[in-house]
Every structure is written in C-alpha cells, then in structure tokens.
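Counting from 3, one number per residue, gives the positions in the sequence shown under the working numbering.
The next block holds one structure in the form of structure tokens; read it before the comments.
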Amino acid sequence: VLLAGAFVFHSTVTWGQRSASSNRVSITIASTWMPSIQIIGPPVNKLNVGTTLRLRGRIKEDDRIASDALVSYQWTAPASFSDSDLFLTSKDGENLVVLPGPHFASGAGAQFIFRLAATVAGAEGAASIAISLNQPPSAPATDQLTVMPSNGTALDTVFTLRASPSWTDDDLPLSYKWRSSSGGEGPGLLLGHTIAVGSLDTILSSGEGGLSVQVIDSLGASSPESDRVVVSIQPVSVTTALMDSVLLGV
Numbered sequence: 003v004l005l006a007g008a009f010v011f012h013s014t015v016t017w018g019q020r021s022a023s024s025n026r027v028s029i030t031i032a033s034t035w036m037p038s039i040q041i042i043g044p045p046v047n048k049l050n051v052g053t054t055l056r057l058r059g060r061i062k063e064d065d066r067i068a069s070d071a072l073v074s075y076q077w078t079a080p081a082s083f084s085d086s087d088l089f090l091t092s093k094d095g096e097n098l099v100v101l102p103g104p105h106f107a108s109g110a111g112a113q114f115i116f117r118l119a120a121t122v123a124g125a126e127g128a129a130s131i132a133i134s135l136n137q138p139p140s141a142p143a144t145d146q147l148t149v150m151p152s153n154g155t156a157l158d159t160v161f162t163l164r165a166s167p168s169w170t171d172d173d174l175p176l177s178y179k180w181r182s183s184s185g186g187e188g189p190g191l192l193l194g195h196t197i198a199v200g201s202l203d204t205i206l207s208s209g210e211g212g213l214s215v216q217v218i219d220s221l222g223a224s225s226p227e228s229d230r231v232v233v234s235i236q237p238v239s240v241t242t243a244l245m246d247s248v249l250l251g252v
C-alpha cells in the first residue's frame, strides 16, 4: 500500500550476456483525504417565515490539519439568491447570514440547498444543507375554538376555552395563546399561555366577550388568530346585603 505522493520505479532485465533492457515509470498517487465539513443551521433545518437564516460552517478537528493552517471557504446559494444585498456576510467566509424576503418561496415543501466548500492543507471538502420553510399550525375549517358556557357573570363565572384537537403541525408540542377582546382590531388581552394543553379555565370582566386562540408550534411558527367566539357577560350585580353594608359603613 502506497501513501499519497510521487514515486519513480526502475526495472532492469538482462538475458545472459546480452545487453540489459531497462524501463522507468513515474506514478503520482493523489491524496484521497478530504477535510470533513459541517454546516449548522436552524433546529431540524427549518426556517420560520419572515426570519433571518443563519448558517455556521466548520471544519471538524483532524490531526492532519495544523492549528495555523490557512483555510478558504466558498458558499453556493440557490439561483433565486443572486442579489448580493440578500446576504449580511460574504459568501467566502465561514458563516452565512441571509435576510428574509420573497427569495424564500412560501410554497409547501419548498427546500433551499446551500453548499459550503472549504480548502485546507491542499485538500477540499464540501457539505450541503437543505433548508425548508416551517409552516405555522394548520387550523380546522370550523370550530377552531369552543367556549363553555356561552354566557355568565363578570369576575364570577369560570369559562373554559378549548382549542379544536384538529389543529395540526409536524413540530410538537403545540402551545396556545388565549386572548380576549372587546371587538377592536388588535390582538386583544392575553389571558394565558399554555404548552401542550389545549384548554384554559378563566374568569372574564365585562367587555371581554370576544375570545380567540393563537397556536404555535415548537419551532415558534405561529398561526393567525382563530375565529373569535363571542360570549355574553353580565356585569356584577350589587346585592341588597352589599348595599346595606356599604350604607352602614358611611
């Protein structure tokens, strides 16, 4: 077995008293060693829509690489990423940072292949990573949220908010943000945040009759706010006994 390098072989053949015949052969054996490259991306190589992609490249430690060895890098991005303004880092550096935007197509199942080549100690290695877009949890067409009871008294009745079990996502567990609103366009007041528990028991004040839920997967992709469920909330009644106690205290 020969190691990598250049070798010269000489052979000489003689036939009795006859003149000798010789031959010379030069052989170069190229090194089959390549540095091992690793690319570290987002969790499970999924990118939430609208977020910045950060990829970190590294060469795995190897005794054949000197500590002061010169290393050169070169990233290759998909064709849709041709605009240099999309990158916060150079493509000939160890790490790559890509801004969000329409170059990340939002179609289901879309993948984006990034490749990193690195040359060190005269040898080149490369690695690729496939990044897919993380879609938010999928909502059922109807009954996204149910609330029981449908009416009650402010600051007294306990309402149970329950998300439909038909919310689906690949990245579990799901978490839930429960909100109440008086009918405005904003997200409303946060009533609670539960993880892996699709229900919440709470009391409500008057004016908080519009209830909704927002579902988030384990990677942080968030669904739009669900359809709002409106409950009827009566104000707290002032009893005669309470009035008497107030009057006696005056």
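The beta carbon of each residue, even a glycine, is placed where N, CA and C say it ideally should be.
Where the beta strand (DSSP E) containing residue i begins and where it ends
i	result
Trp180	Ser177 to Ser183
His195	Leu191 to Ile197
Phe114	Gln113 to Val122
Thr162	Val160 to Ala165
Asp203	Ser201 to Ile205
Gln40	Ile39 to Ile42
Asn47	No beta strand (DSSP E) holds Asn47; DSSP gives it neither H nor E.
Ile218	Gly212 to Ile218
Neighbour-count burial assignment, residue i, 16 or more Cβ in a 10 Å radius
i	result
Ala71	exposed
Arg26	exposed
Ile218	buried
Asn50	buried
Val3	Annotation note: pLDDT 46 at Val3 (below 50); position unreliable, coordinate value reported separately. By the 10 Å Cβ count, Val3 comes out exposed.
Val233	buried
Asn136	buried
Residue i versus residue j - alpha carbon distance
i	j	result
Arg230	Gly222	22 angstroms
Ile197	Asp158	26 angstroms
Ser220	Ser74	36 angstroms
Ala243	Pro237	Low local confidence applies: a pLDDT of 44 at Ala243 is under 50, so the model's placement there is unreliable, with the coordinate-based value given in what follows. Going by the C-alpha atoms only, they are around 17 angstroms apart.
Cut-off 7 angstroms between Cβ atoms - residues of its own chain near residue i, not counting five sequence neighbours on either side
i	result
His105	Ser82, Phe83 and Leu88
Ser13	Ser24 and Asn25
Pro102	Gly52, Thr53 and Thr54
Closer than 8 angstroms to chain E by CB, residue i
i	result
Ser130	Among the chains in the structure shown there is no chain E, since it carries only a single protein chain.
Distance cut-off 7 angstroms: residue i Cβ against heavy atoms of the ligand ZN
i	result
Glu96	You won't find the ligand ZN in this model; it holds no ligand whatsoever.
Same chain only: Cβ atoms within 8 angstroms of residue i, ignoring 5 sequence neighbours per side
i	result
Leu192	Lys179, Trp180 and Arg181
Ile67	Pro37, Ile61, Val122 and Ala123
Ser130	Ile41, Ile115, Phe116, Arg117 and Leu118
Pro167	Gly200
Close-in-space but distant-in-sequence residues of the same chain around residue i (CB under 6 angstroms, 5 per side omitted)
i	result
Arg56	Val99
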